[in-house]
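K.L.:
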Amino acid sequence: LLTLPKERGWLASHIYNYQGFWIAPRHLQGVIACQQQFQAQDSDIILVTSPKSGTTWLKALVFALVNRIRFPFSEQNHPLLVNNPHDLVPFLELKLYIDGQVPNFSSFTSPRLLSTHLPYGSLPKSVQHSKNKLVYLCRNPRDIFISLFHFTNNLRIENMGTNSIEEMLDLFCKGVSLYGPFWNHVLDYWKKSIENPKKVLFLMYEEMKEQPEIQLKRLAEFLGCSFSIEEEKSGVVDEILKMCSFENLSNLEVNKNEKLSTGEENKVFFRRGKVGDWKNYFTLEMTEKLNHIIEQKFQGSGLLFE
Ligand code: A3P
-6 LLTLPKERGW LASHIYNYQG FWIAPRHLQG VIACQQQFQA QDSDIILVTS PKSGTTWLKA
54 LVFALVNRIR FPFSEQNHPL LVNNPHDLVP FLELKLYIDG QVPNFSSFTS PRLLSTHLPY
114 GSLPKSVQHS KNKLVYLCRN PRDIFISLFH FTNNLRIENM GTNSIEEMLD LFCKGVSLYG
174 PFWNHVLDYW KKSIENPKKV LFLMYEEMKE QPEIQLKRLA EFLGCSFSIE EEKSGVVDEI
234 LKMCSFENLS NLEVNKNEKL STGEENKVFF RRGKVGDWKN YFTLEMTEKL NHIIEQKFQG
294 SGLLFE
């Protein structure tokens, strides 16, 4: 248990270290219940991220991709136009086990689309051992940190004022961030994606921004639902990307004015959606501090964060 001084809070006045990662107290019960009760199916698709890596975007993309026959994009009430992606692809540990209740999966059609922020070693055993697919989305830690800074200040549930950016960076560099240390989270999934590329696909937010078509096709191939030549000719790839773009999703009524079933306002998941926003916030000192830790932690891994 780490008690955070007021000005250093991350959503709450203290956080737990559980199985080597950091977690907000209100989420611990859900994590334990999910580890004990969740039974994976071989056909499950589980999306994994460290918070603020672009989870909302990935959920939208995978939902649109996997359901492209069931829900054509011409439909005015396409689920993505009237729901926040987090309500379509729930977190294993945050939503389904509220109050320790065993979730009812009977309404989920196969393949079930689920997500998690859990580190690899803390995934429910059945997820680690069944043939389900894991899609991991990674993002430059500098942008994650800035996104997290805004997110936690927006969502503060206790009246504790605003987090100081320098103090939050200090904690982040010490590994204290939600589901962090960030580098352990990334490196564990990165290694698994190399060891077992059929089970874990490792995507980068920056590459998805730069080459969205290539990355979406990679995702489709990995999930066993590649685009046919006819689909490519008829522009389905582009339709999915447009439907899930930051501009489209963030301007939908549902994402501007409504709340998630877990209580958060939908709009907190859409801020700028850009690569490199950290440059607008970091001082030289902050840049050097984070560069140093990134270099130290990712050295020799083959992962580069420009
Ligand atoms: P910024 O705060 O940098 O804008 P998560 O979904 O994991 O909580 O991550 C949120 C981050 O993803 C936010 O980053 C948010 O703006 C961005 N984001 C949300 N939807 C997006 C989309 N459709 N395309 C690209 N980025 C998106």
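The sequence shown begins at -6 in my numbering and counts up one residue at a time. Ideal Cβ placement from N, Cα and C applies to all residues, glycine included. As the structure is a prediction and not an experimental result, all values here were calculated from the model.
Mind checking whether LEU249 and LYS267 have CB atoms under 8 Å apart?
P.N.:
Residue numbering aside, residue 249 sits at position 256 when the sequence shown is read from its first letter. Residue numbering aside, residue 267 sits at position 274 when the sequence shown is read from its first letter. What sits at residue 249 in the sequence shown is Lys, not Leu. No, these two residues do not count as a Cβ contact at 8 Å.
K.L.:
Should the region 102 to 120 be called in touch with the region 219 to 231, which here means at least 3 C-beta pairs below 8 Å?
P.N.:
Judged by Cβ distances under 8 Å, the region 102 to 120 makes no contact with the region 219 to 231, as fewer than three pairs qualify.
K.L.:
I'd like the list of long-range same chain contacts for PHE298, defined as Cβ closer than 8 Å, with 5 residues on each side in sequence excluded.
P.N.:
Reading the sequence shown from its first residue, position 305 is the one you call residue 298. Counting only Cβ-Cβ distances below 8 Å, and skipping sequence neighbours, we find ASN133, PRO134, ARG135, ILE287 and PHE291.
K.L.:
Would you grab the beta carbon distance between PRO117 and ALA33 for me? Rounded to a whole angstrom, and I think it's under 8 Å.
P.N.:
To locate residue 117, count along the sequence shown from 1; it is residue 124. To locate residue 33, count along the sequence shown from 1; it is residue 40. 7 Å between Cβ atoms; contact.
K.L.:
Determine whether the beta carbon atoms of TYR172 and ILE16 lie at a separation below 8 Å.
P.N.:
Taking the sequence shown and counting its residues from 1, one reaches residue 172 at position 179. Taking the sequence shown and counting its residues from 1, one reaches residue 16 at position 23. Result yes, Cβ atoms of TYR172 and ILE16 sit closer than 8 Å.
K.L.:
Identify, in the order they occur along the chain, each residue of the same chain with its Cβ nearer than 7 Å to the Cβ of SER294, setting aside the five sequence neighbours on each side.
P.N.:
Walking along the sequence shown from the start, residue 294 turns up at place 301. Excluding residues within five positions, the ones whose Cβ falls inside 7 Å are LEU180 and TRP183.
K.L.:
What are the boundary residues of the alpha helix (DSSP H) that TYR182 is part of?
P.N.:
One-based indexing of the sequence shown puts residue 182 at position 189. Here the alpha helix (DSSP H) through TYR182 covers 175 to 188.
K.L.:
At a cut-off of 7 Å, is CYS237 close to the ligand A3P when judged by its beta-carbon and the heavy atoms of the ligand?
P.N.:
The count along the sequence shown starts at 1 and reaches residue 237 at position 244. It does: the Cβ of CYS237 is within 7 Å (strictly closer) of some heavy atom of the ligand A3P.
K.L.:
Use the C-beta contact count for PRO174: other C-beta atoms within 10 angstroms, 16 or more gives buried, fewer gives exposed.
P.N.:
In the sequence shown, residue 174 corresponds to position 181, counting from 1. Buried: at least 16 other Cβ atoms inside 10 Å.
K.L.:
Tell me the DSSP secondary structure of TYR11 in three-state form.
P.N.:
Within the sequence shown, numbered from 1, the residue matching residue 11 stands at position 18. Correct three-state label for TYR11: strand.
K.L.:
In this structure, how does DSSP classify LEU283 when only helix, strand and coil are distinguished?
P.N.:
Here residue 283 refers to the residue found at position 290 of the sequence shown. Of the three classes helix, strand and coil, the one that applies to LEU283 here is helix, per DSSP.
K.L.:
Give the DSSP-derived three-state secondary structure of VAL41 in the structure shown.
P.N.:
Numbered from its first residue, the sequence shown carries residue 41 at position 48. VAL41 falls in the strand class under three-state DSSP.
K.L.:
So, under 8 Å CB-CB, PRO78 and LYS52 are touching, yes? Tell me the CB distance rounded to an integer number of Å.
P.N.:
Position 85 of the sequence shown, counted from the start, is the residue given in the question as residue 78. Position 59 of the sequence shown, counted from the start, is the residue given in the question as residue 52. That pair is a contact at about 4 Å.
K.L.:
Verify the contact flag: ARG135, CB atom, against every heavy atom of the ligand GDP, threshold strictly below 7 Å.
P.N.:
Judged by which ligands are present, the ligand GDP is missing from the structure shown, whose ligands are the ligand A3P.
K.L.:
For the alpha helix (DSSP H) that contains TYR198, what are its first and last residues?
P.N.:
One-based indexing of the sequence shown puts residue 198 at position 205. Counting along the chain, the alpha helix (DSSP H) containing TYR198 begins and ends at 198 to 203.
K.L.:
Tell me the DSSP bridge mates of ILE16?
P.N.:
Against the sequence shown, residue 16 aligns to sequence position 23. Answer is TYR9, bridged to ILE16.
K.L.:
Would DSSP call CYS131 helix, strand or coil?
P.N.:
The count along the sequence shown starts at 1 and reaches residue 131 at position 138. Correct three-state label for CYS131: strand.
K.L.:
Please report the straight-line C-alpha distance between LEU277 and CYS218, rounded to a whole angstrom.
P.N.:
By one-based count along the sequence shown, residue 277 stands at place 284. By one-based count along the sequence shown, residue 218 stands at place 225. Each residue's alpha carbon lies about 45 Å from the other.
K.L.:
Report yes if the C-beta of HIS143 is less than 7 Å from at least one heavy atom of the ligand A3P; otherwise report no.
P.N.:
By 1-based counting over the sequence shown, the position of residue 143 is 150. Yes; taking the cut-off as 7 Å, the Cβ of HIS143 has a heavy atom of the ligand A3P nearer than that.
K.L.:
Under 8 Å Cβ to Cβ from ASN76, same chain only, skipping five residues before and after it: list those, please.
P.N.:
Position 83 of the sequence shown, counted from the start, is the residue given in the question as residue 76. Same-chain partners within the cutoff: VAL247.
K.L.:
Would ILE38 and LYS124 qualify as a contact pair, given that the criterion is a beta-carbon distance under 8 Å?
P.N.:
On the sequence shown, position 45 is the one that residue 38 refers to. On the sequence shown, position 131 is the one that residue 124 refers to. Contact: no.
K.L.:
Opposite SER108 in the DSSP bridges: which residues?
P.N.:
Taking the first residue of the sequence shown as position 1, residue 108 is located at position 115. In the DSSP output, where bridge partners are listed per residue, SER108 has LEU40 and PHE84.
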